[in-house]
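Contents: one structure, followed by commentary.
Numbering (the numbering used here), first residue to last: 974 to 1320.
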């Protein structure tokens, strides 16, 4: 707690000492960022050619307790999602410990599951090299608050109001949608659409499928009345009659907007650029669905509340409200960058 930056963990220093290949498993709803980073660091920095070239990753539509299953929460991803994890581990050890020639050393490095398509794919790198970025610009007529707001996502910068505004009160934070066991699931976000402190931006119903594979990113031009505050961005797959399923999210603490190892407090009401990288995902948005982006300032208790004072939130008790502005104009083009893969071109 006294060293919240990256330096205390020295996460990327251990890989150069690892001489053997790894077989890693994770799930899209299992806070998989560290696992994805581990793959890349092993491929670049592993101590031996075998460690660098033979480390493998399998990632499916799972959370922390559902490894290898087809269902998470209320969502059934189909029989393709259920795979024999123990059989894969046995095959791995048969090759690397017993020396059996079973072909595992000739397979691509990554096997990942595309939610929505309910299919497995393979690639040698993460994210896949063939991804193409699609950009959606935020816009509204000034009332993007809540589920019935007028926020929109468009291919081109749209007219309308310059910004949307909401109040973040740390005494009334947006609640985390968890199970009773505190596990992450693809929650139906409609239960929070009544809240005015969540901005909603939607595309029109999609005319073609959109397959998102990689790390979605949101670029926000924002200001706050506070010296420090948080911003969360959440990607949602909104079906015509529901549900509105959470795909992934990211957040930024404003004081760490430029570095996790350096604090820079805000100047109240000054517009700053914030880049929010969401967690890795692979999801196909079906025709007729909408891509939805939610912007807010809390997710409690998954993340500790920012007290908006610029002080030490873990030790101090004072809390103040913050007036938050999200700008979307020609000067301040807030946008959602989606890494996509065109399966038709891929053949």
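Quick reminder that beta carbons are idealized off the backbone N, C-alpha and C, glycines included.
field: beta strand (DSSP E) segment containing residue 1088, residue limits
entry: Note, residue 1088: premise wrong, no beta strand (DSSP E); not H, not E.
message: Judging by CA-CA distance, which residue of 1178, 1042, 1295 and 1284 is the nearest neighbour of residue 1212?
response: Closest by alpha carbon: 1178.
- request: Determine the DSSP secondary structure at residue 1217, reduced to helix, strand or coil.
  value: For residue 1217, the secondary structure class from DSSP, reduced to helix, strand or coil, is strand.
query: Which residue comes first and which comes last in the beta strand (DSSP E) that contains residue 1172?
result: Segment 1172–1175, the beta strand (DSSP E) holding residue 1172.
- prompt: What whole-angstrom Cβ distance do residue 1188 and residue 1205 have, given they're in contact under 8 Å?
  reply: With 8 Å as the limit, residue 1188 and residue 1205 do not qualify as a contact, their Cβ atoms being about 16 Å apart.
field: Straight-line gap, residue 1311 to residue 1044 (C-alpha atoms, nearest Å)
entry: Going from the Cα of residue 1311 to the Cα of residue 1044 covers about 26 Å.
field: Neighbourhood of residue 1218 by C-beta distance below 6 Å, restricted to the same chain and skipping five residues each side
entry: In its chain, beyond the 5 residues on either side, 1159 and 1210 have a beta carbon closer than 6 Å to the beta carbon of residue 1218.
task: Please confirm whether residue 1068 and residue 1124 have their CB atoms less than 8 Å apart.
output: Their beta carbons are not under 8 Å apart, which means residue 1068 does not touch residue 1124 by this criterion.
message: Is it the case that the region 1132–1143 contacts the region 1084–1091, given that we only count it when at least three CB pairs across the two stretches are under 8 Å?
response: The region 1084–1091 vs the region 1132–1143: no contact.
query: Which residues in the same chain have their Cβ closer than 7 Å to the Cβ of residue 1058, if we skip the five residues on either side of it in sequence?
result: Within the same chain, residue 1058 has close Cβ partners 998, 1040 and 1041.
task: Look up residue 1224 in the DSSP assignment and give the residues it is bridged to.
output: Answer by DSSP bridge pairing, in chain order: 1205.
field: Per DSSP, the bridge partner or partners of residue 1190
entry: Paired residues: 1250 and 1310.
First through last residue of the alpha helix (DSSP H) which encompasses residue 1059: According to the DSSP assignment, residue 1059 belongs to the alpha helix (DSSP H) that extends over 1058–1069.
message: So the candidates are 1244, 1165, 1104 and 1258; which of them puts its Cα closest to the Cα of residue 1269?
response: For the residues 1244, 1165, 1104 and 1258, the minimum Cα distance to residue 1269 belongs to 1165.
CB of residue 1135 within 8 Å of CB of residue 1300, strictly: Going by C-beta atoms, residue 1135 is nearer than 8 Å to residue 1300.
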